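Colleague: Numbering (the numbering used here), first residue to last: 482 to 735.
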Amino acid sequence: MPPILSLRHYNHDQIVHSHQHTQLVFGLRGQLDFEMDGRGSRIQQQQLAVVPSDTRHACGSASGSHCLILDVPDDNWLQQRLGHHSEPGRRLLEKPASLHLSPAQSQLVGWLAASPINDPVISEQGAALLLASLAGGCEPAIQSSPLPLAAIHAHVERHLGHPLEVRDLARLAGLSVPRFHARFVSETGMTPMEFVRRRRVQQGRELLIGTRLAVGEIAARVGYASQSAFTAALSREFGVTPRALRRESLDNRG
């Protein structure tokens, strides 16, 4: 029997096997492509795969994935360590599944991954604590449709001059803020607020080139509290001040 808790790195070499004990695979970094019973899933941060004993499964990661593994010893261990949590724990472990962690469960996984889990006391008690938390409930990681990015983009464009918060965008997608943030990063490669910031400065640049509006007016229209804040953002993004950008645009037209 392997250690109860361990850290593993997966790469593009696909693993296809089964084992005689139940295993939980928690995503820490990267994305792990997983297949069980002919169903595919992708395990990343805040997600886990439940692999019951003797379940043949395949996994691999094209760009590398770091995971925390919990190898469940047996039913006797569950009964001894989980007490009244043992029965819901067994139900959690009896079927192949991909699940979402709550923020608190995800924090616990991160804490255990950073702990000296080669210590048998920490490993055993940490595993029991994590399983008790999971027995309290997890959300199925249904293979959802892509985010409604067109609607999100349109909302941002309409409200560039107003305060925008991640919860506003998460509401459009019908997701909690943590899940929306993770999905947005996964699908776009940037955080929601990074996207908003980029659109503010890009729209400001377009107004500088295409209109005669005062710089302070443009700053307000794209959501900056002051002209100096807009100037600093434009300089960071494009390496040019509003005045220099307008002069360059006029020179190109001439």
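Just so it is clear, CB atoms sit at the ideal spot from N, CA and C, and this is done for glycine as well.
Note that the structure is predicted; figures quoted are calculated from it, not measured.
Roughly how many angstroms lie between the CA atoms of Ala713 and Arg724, to the nearest whole one?
Modeller: Working through the sequence shown from its first residue, we reach residue 713 at position 232. Working through the sequence shown from its first residue, we reach residue 724 at position 243. Roughly 12 Å separates the two Cα atoms.
Colleague: Could you check the C-alpha separation between Ala616 and Leu573 for me, to the nearest Å?
Modeller: What you label residue 616 is simply residue 135 of the sequence shown in a count that begins at 1. What you label residue 573 is simply residue 92 of the sequence shown in a count that begins at 1. Going by the C-alpha atoms only, they are around 7 Å apart.
Colleague: Which partner residues of Arg550 appear in the DSSP bridge assignment?
Modeller: Walking along the sequence shown from the start, residue 550 turns up at place 69. Correcting the residue identity first, residue 550 is Ile in this sequence and not Arg. In DSSP, Ile550 forms a bridge with Ser487 and Val506.
Colleague: On the premise that Gln495 lies in contact with Ala539, defined as a C-beta separation below 8 Å, what is that separation, rounded to the nearest angstrom?
Modeller: Locating residue 539 in the sequence shown gives position 58, where the first residue counts as 1. Locating residue 495 in the sequence shown gives position 14, where the first residue counts as 1. At roughly 6 Å, the Cβ-Cβ gap stays under 8 Å, so Ala539 and Gln495 are in contact.
Colleague: Exposed or buried, Ser587, counting other C-beta atoms within 10 Å across all chains shown (16 or more means buried)?
Modeller: Position 106 of the sequence shown, counted from the start, is the residue given in the question as residue 587. Classification of Ser587: buried, given that the 10 Å Cβ count is 16 or more.
Colleague: Can you tell me whether DSSP reads Arg523 as helix, strand or coil?
Modeller: On the sequence shown, residue 523 is found 42 positions in, with the first residue counted as 1. Strand, per DSSP.
Colleague: Taking all protein chains shown into account, decide if Met517 is buried (16 or more other Cβ within 10 angstroms of its Cβ) or exposed.
Modeller: Stepping through the sequence shown from its first residue, residue 517 is reached at position 36. So Met517 ends up on the buried side.
Colleague: Below 8 Å on the Cβ atoms is my contact criterion, and I expect Val647 with Met674 to pass it. Report the Cβ-Cβ distance as a whole number of Å.
Modeller: Locating residue 647 in the sequence shown gives position 166, counting from the first residue. Locating residue 674 in the sequence shown gives position 193, counting from the first residue. Going by Cβ atoms, the distance from Val647 to Met674 rounds to 6 Å, so yes, they are a contact pair.
Colleague: Residues bridged to Ala530 by DSSP?
Modeller: Here residue 530 refers to the residue found at position 49 of the sequence shown. BP columns for Ala530 point to Val506 and Ser579.
Colleague: Near Leu589, what residues of its chain come up, given a Cβ to Cβ distance below 8 Å and the 5 sequence neighbours on each side ignored?
Modeller: Counted from its first residue, the sequence shown places residue 589 at position 108. Excluding sequence neighbours, Leu589 sits near Leu610, Leu611 and Ser614.
Colleague: Report the option in Glu568, Pro627, Ala710 and Leu593 whose CA atom is closest to the CA atom of Leu549.
Modeller: What you label residue 549 is simply residue 68 of the sequence shown in a count that begins at 1. Minimum Cα distance to Leu549 is reached at Leu593.
Colleague: Quick one: residues in its chain with C-beta nearer than 6 Å to the C-beta of Pro584, no 5 flanking neighbours on either side, listed in chain order?
Modeller: Residue 584 sits at position 103 when you count from the first residue of the sequence shown. Same-chain partners within the cutoff: Pro659.
Colleague: Does the distance from the CB of Gly541 to the CB of Gln525 come in under 8 Å?
Modeller: Within the sequence shown, numbered from 1, the residue matching residue 541 stands at position 60. Within the sequence shown, numbered from 1, the residue matching residue 525 stands at position 44. Contact: no.
Colleague: From which residue to which residue does the beta strand (DSSP E) around Asp494 run?
Modeller: The count along the sequence shown starts at 1 and reaches residue 494 at position 13. From DSSP, Asp494 is part of no beta strand (DSSP E); its letter is neither H nor E.
Colleague: Which residue from Leu650, Phe515 and Ser499 puts its Cα closest to that of Asn492?
Modeller: The residue you call residue 492 lines up with position 11 of the sequence shown. Per the Cα distances, Phe515.
Colleague: Rounding to the nearest angstrom, what Cα-Cα distance links Leu645 and Phe719 in this structure?
Modeller: Walking along the sequence shown from the start, residue 645 turns up at place 164. Walking along the sequence shown from the start, residue 719 turns up at place 238. Taking the straight line joining both Cα atoms gives about 23 Å.
Colleague: Taking the straight line between their C-alpha atoms, what separation do you get for Val506 and Leu551?
Modeller: As a position in the sequence shown, residue 506 is number 25, starting the count at 1. As a position in the sequence shown, residue 551 is number 70, starting the count at 1. Cα to Cα, the separation comes out at about 7 Å.
Colleague: State the Cα-Cα distance for the pair Leu630 and Phe661, rounded to the nearest angstrom.
Modeller: Numbered from 1 along the sequence shown, position 149 holds the residue referred to as residue 630. Numbered from 1 along the sequence shown, position 180 holds the residue referred to as residue 661. Taking the straight line from one Cα to the other gives about 12 Å.
Colleague: Rounded to the nearest angstrom, what separates Arg681 and Leu641 at their Cα positions?
Modeller: If you number the sequence shown from 1, residue 681 lands on position 200. If you number the sequence shown from 1, residue 641 lands on position 160. About 6 Å.
Colleague: Is Pro601 buried or exposed, if buried means 16 or more other CB atoms sit within 10 Å of its CB?
Modeller: Taking the first residue of the sequence shown as position 1, residue 601 is located at position 120. Per the 10 Å Cβ criterion, exposed.
Colleague: Less than 8 Å between C-beta atoms, sequence neighbours within five positions excluded: which residues of the same chain meet that for Glu605?
Modeller: Position 124 of the sequence shown, counted from the first residue, corresponds to residue 605. The residues are Ile485 and Arg562.
Colleague: Distance check for Leu628 and Gly685, CA to CA, integer angstroms please.
Modeller: Within the sequence shown, the letter at position 204 stands for residue 685. Within the sequence shown, the letter at position 147 stands for residue 628. Rounded to whole angstroms, Gly685 to Leu628 spans 26 Å at the Cα level.
Colleague: Which of the three DSSP states, helix, strand or coil, is assigned to Met674?
Modeller: Taking the first residue of the sequence shown as 1, we reach residue 674 at position 193. Here Met674 sits in helix by DSSP.
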